[in-house]
């Protein structure tokens, strides 16, 4: 399975970013998703094998271990509201329309996931041998820090990380997923959007996400900013979908049918004779009267009116008394039956 994902990812990244594949097998993924900087003891993350919040709960900093999750913060950049943010992301999946089915047959709606890291692995983007390895990672690596990179180089590294992460996590089976990636050393936010989600998550929405993220992060309110972004995406992804269109069409049909029946069944019989020639409209009038079920409603109403007129006063009074008695027994059930059970003469013991 990993080999298939790697091959697909390799083809996608090579085609979209224009990098060639690495021919040196020593540059391939060696199974380590991060290394330790010996001078700072900080984790330096690669997107290859990056923790998945669906099952790497502890590595992603989550406390809940059941259900689906969409937030991964392995370096603990969030100091509070981690589970609240994760819940907001799960609500996006729960409150948006079904778009497709997964290979397992489960219905899928839009998903939004977030990955936050302190440091990322830096590739030597100026190298003449720059290439993409078997897991979509830019090679060769370098010991340079992000501070020595240009803004465009930081953007390229963040895009490579975020785009791969969306493919590797594979939360959407039909391009219905969005991944927000942030690297603190790069100070870059990248929003990777699937092809179905891109119709709603436009460039303007992406700019809003980046601006909001940077604004809240600079004010020390990263958690609050992520909650604002999650709410923005929830409302954005609840846009007009095929399900909404079908609902609107159904409502239009109901309104038109109601209006038509009102004209045929009511205005046909008014005093001023709106149709003019009565004989022509008799047959369609009776036809729609029967198929619409209006005759059943009329029959029930006439039956209720007839029974209410014919019912004797004593029967009505007796029914009212019985109804009041039932209400009293329901309200005071515990007091009535507890009295019986506490009296020896009313206790019934059943033994087998």
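In mature numbering (1 follows the signal peptide of the UniProt record, and there is no 0), the protein residues as written are -18 to -1, 1 to 334. We treat Cβ as the ideally placed atom computed from N, Cα and C, and that holds for glycine. In this text the structure is predicted, and so the values were computed from the model without any measurement.
Cβ neighbours of residue 104 within its own chain (closer than 6 Å, five residues either side excluded): 124 and 126. In terms of Cβ geometry, residue 3 and residue 117 do not form a close pair [threshold 8 Å]. DSSP places residue 104 in no alpha helix (DSSP H); its state is neither H nor E. Partner residues in the beta bridge of residue 90, as assigned by DSSP, are 82. By the C-beta density criterion, residue 130 is exposed, having fewer than 16 other C-beta atoms within 10 angstroms.
Taken atom to atom, the span from the alpha-carbon of residue 70 to that of residue 170 is near 23 Å. DSSP, read as helix, strand or coil, puts residue 95 in strand. Rounded to the nearest whole angstrom, the CA to CA distance from residue 200 to residue 60 is 14 Å. Taking C-beta atoms under 8 Å as the contact rule, residue 25 and residue 57 qualify, at a distance of about 6 Å. A direct Cα-Cα distance of roughly 8 Å separates residue 120 from residue 142. Judged by DSSP in its simplified three-state form, residue 159 adopts strand.
Under the three-state reduction of DSSP output, residue 46 falls in the coil class, being neither helix nor strand. Residue range 16 to 18 is occupied by the beta strand (DSSP E) that includes residue 16. Residue pairing of residue 26 in beta bridges, as defined by DSSP: 17. Around the beta carbon of residue 306, fewer than 16 other beta carbons lie within 10 angstroms, which makes this residue exposed. Look at the beta carbons and you see the stretch 10 to 21 touching the stretch 31 to 44: at least three pairs across the two are nearer than 8 Å.
With a cutoff of 8 Å on beta-carbon distance, residue 152 and residue 163 are scored as not near each other. Taking residue 23 as reference, the option from 278, 75, 101 and 62 with the minimal CA-CA separation is 101. In this structure, DSSP gives residue 165 an extended state, which the three-state scheme calls strand.
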